[in-house]
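Notes follow the structure.
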Amino acid sequence: MASKKSVVPFGPQHPVLPEPIHLDLVLDDEKVVEAIPSIGFVHRGLESLVKKKDFKEMQYVVERTCGICSFMHGMTYCETIEHIMDVEVPVRGRYLRTIWCEMSRLHSHMLWLGLLADAFGFESLFYQCWRMREQILDMFEASTGGRVIFSVNAPGGVLKDMPSDMLHAFVEKLDGFETELHKIADIFLNDYTVLTRLKGVGILTPEEAHDLGAAGPMLRASGIARDTRKLGYAAYGDLDFDIITSDDCDSFARCDVRIREMYQSIQLIKQAVDKIPEGDIAVPVKGNPEGEYFMRVEQPRGEAIYYAKGNGTKFLERIRIRTPTFANIPALLKTLKGCQLSDVPLLILTIDPCISCTER
Amino acid sequence: MANVSRSPWLLHYDGSSCNGCDIEVLACLTPVYDAERFGVVNTGNPMHADILLITGGINSQNASVVEQIYNQMPNPKVVCAVGTCACTGGVFKECYNIKGGADTVIPVDIYVPGCAARPQSIIDGIVQAVALFQKKHEEMKSEKK
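These protein sequences, in sequence, are chains G and D. Just so we're aligned: the first sequence equals residues 1 to 360 in our numbering. Just so we're aligned: the second sequence equals residues 1001 to 1145 in our numbering.
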């Protein structure tokens, strides 16, 4: 007997949804035939604020594009302005930015692991992940004074320095974090129940990932080695690291890639602490930006693009932000097609959605 | 706190926040801060909820959603606006798509400031919300008599 198609409205407020996105799920029995998204619930229009806030104040606005990778948003904006104005940031400032960037990646991936555990109903694992994440937030608080949004960037460099004993204390803490991470990762990568929820779910082939313009771990989990950090912004040019990929193309691969990226982040922080030179952390910026620049960075969720155009006044003419979740939504819709209804929350989560980034 | 007779259920909705306050609200419910020790339980269903924690400002798209969630909650109910955006619109106040704080569409009882609001102040807000919920509950009971 041919079954009748039904449409389930999903979101923006739903018990299993972490963030406000709306999907109309067209179902054939339990199978999703199509997912139609509608967004805009978090749209603020912060790009338009360039007309009201000058380019230095704007740093505090772009930082609030997203509370999870707020440091990276601030940093990208500042680097864009620095390129326009030909400002050379002191090496120590660039290293400090790198360290905070990698700490952001650690806390973001830990947060994601927790939410993933919650999505497949493993609540104690969710709590363990979030307990571990607090260690990173404590480091943020010790070094910047803020937990999630800390405003340490400014065009020209960073506003706060980390003394060397603090840096070494962080490395020690990260060693403990790594030991704990091994235990947690073992559950995600080897537990039978977890594997049944992740293995073979949400296949995205390399061709599809490329054609749909996926970004970040979503792309790398489909076997495409693309990591914008290799462009060498901040101090990444001085650091030694490989691009982490997986050829499994499923939800398990995305989990695996993110876990290995966390080990890599710890290694990168250690490298940066070893290499960081003494010196100034910022240079004064005089004048107003004139000209335009494109900047690409690798955020925890993937590649973000910043564009800024200055006209010689203290107000920028235009700023444009393209965030990784926006790039990953077409890939998400592809993976949702043909999946079981009960896998929908899990699949939405595997792109690590940040809707407030997407809609700005 | 000592004479709370019911355990209120919490609902969290992300208005148009930057996620900063959202993850802090979630951090409050996880072991380190553990707001559940004050007798609240997190829920995802508005019809089961007694206390609404709302983060972020109100925009043209989510105004009806927030109103709908508020109307679905049973009486008595307490609304707690978490973060500067939910209180006044915050840094995004001048954006073309932001109407202002949560109180532009629903009545707000408790305002928790901060950008992002710290877990300590969110817990303070929750504790006040629990006390206010108890008070409203008793008022409702005496009205019935």
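All residues carry an ideal CB built from backbone N, CA and C; glycine is no exception. Treat the numbers as computed from the prediction; the structure is a model and nothing was measured.
> Mind checking if residue 201 (chain G) is an interface residue toward chain D, Cβ cutoff 7 Å exclusive?
Replying inline: no
>> Is it buried or exposed, residue 328 (chain G), if we count other Cβ atoms within 10 angstroms and call 16 or more buried?
In response: buried
> With a cut-off of 7 Å, does the C-beta of residue 9 (chain G) fall near any C-beta of chain D?
Replying inline: no
> Nearest chain D C-beta to residue 43 (chain G) closer than 7 Å, yes or no?
Replying inline: yes
>> Give me the residue from G:141, G:283, G:253, G:35 with the minimum Cα distance to residue 332 (chain G).
In response: G:35
> Residues in the stretch 1024-1049 of chain D with C-beta within 8 Å of chain G's C-beta atoms, listed in sequence order?
Replying inline: 1024, 1026, 1027, 1030, 1031, 1032, 1043, 1044, 1045, 1046
>> Between G:234, G:155, G:31, which has its C-alpha nearest residue 335 (chain G)'s C-alpha?
In response: G:31
> Does the beta-carbon of residue 165 (chain G) have 16 or more other beta-carbons within 10 angstroms, so that it is buried, or is it exposed?
Replying inline: exposed
>> At the 7 Å Cβ level, is residue 1116 (chain D) part of the contact set with chain G, yes or no?
In response: yes
> From residue 8 (chain G) to residue 108 (chain G), what distance separates their C-alpha atoms?
Replying inline: 30 Å
> Between the stretch 1053-1071 of chain D and chain G, which residues of the former have a C-beta closer than 8 Å to a C-beta of the latter?
Replying inline: 1056, 1057, 1059, 1061, 1062, 1065, 1069
> With distances taken between CB atoms, is the gap from residue 371 (chain G) to residue 37 (chain G) smaller than 7 Å?
Replying inline: The structure shown does not extend to residue 371 (chain G), since chain G spans only 1 to 360, so no value can be given for it.
> My guess is that residue 1107 (chain D) and residue 1130 (chain D) are in contact by the Cβ rule of under 8 Å, so how many angstroms apart are they, rounded?
Replying inline: No, residue 1107 (chain D) and residue 1130 (chain D) are not in contact; Cβ-Cβ is about 18 Å, not under 8 Å.
> With distances taken from CA atoms, which of G:97, G:112, G:146 is nearest residue 254 (chain G)?
Replying inline: G:112
> Can at least three beta-carbon pairs, one atom from the stretch 1048-1059 of chain D and one from the stretch 1090-1101 of chain D, be found at a separation below 8 Å?
Replying inline: yes
> So which residues on chain D does residue 48 (chain G) lean against when the C-beta distance must stay under 7 Å?
Replying inline: 1095, 1096
> So what does DSSP say about residue 147 (chain G), is it helix, strand or coil?
Replying inline: coil
>> Cutting at 7 Å between CB atoms, please list the residues of its own chain near residue 324 (chain G), excluding the five before and the five after it.
In response: 215, 216, 299, 301, 302, 303, 304
> Do you know how far the Cα of residue 238 (chain G) is from the Cα of residue 97 (chain G)?
Replying inline: 13 Å
> Applying a beta-carbon distance threshold of less than 9 Å, which residues of chain D neighbour residue 66 (chain G)?
Replying inline: 1018, 1019, 1020
>> Determine, for residue 1133 (chain D), whether the minimum Cβ-Cβ distance to residues of chain G falls below 7 Å.
In response: no
>> Does the CB of residue 1079 (chain D) have a neighbour CB from chain G at under 7 Å?
In response: no
>> Threshold first: 3 residues or longer. Then list the beta strand (DSSP E) segments lying entirely within the stretch 1037-1062 of chain D, N to C.
In response: 1041-1043, 1051-1055
> Would residue 1014 (chain D) count as contacting chain G if we go by Cβ distances under 7 Å?
Replying inline: yes
>> Just to confirm before moving on: does the CB-CB distance between residue 156 (chain G) and residue 283 (chain G) stay below 7 Å?
In response: yes
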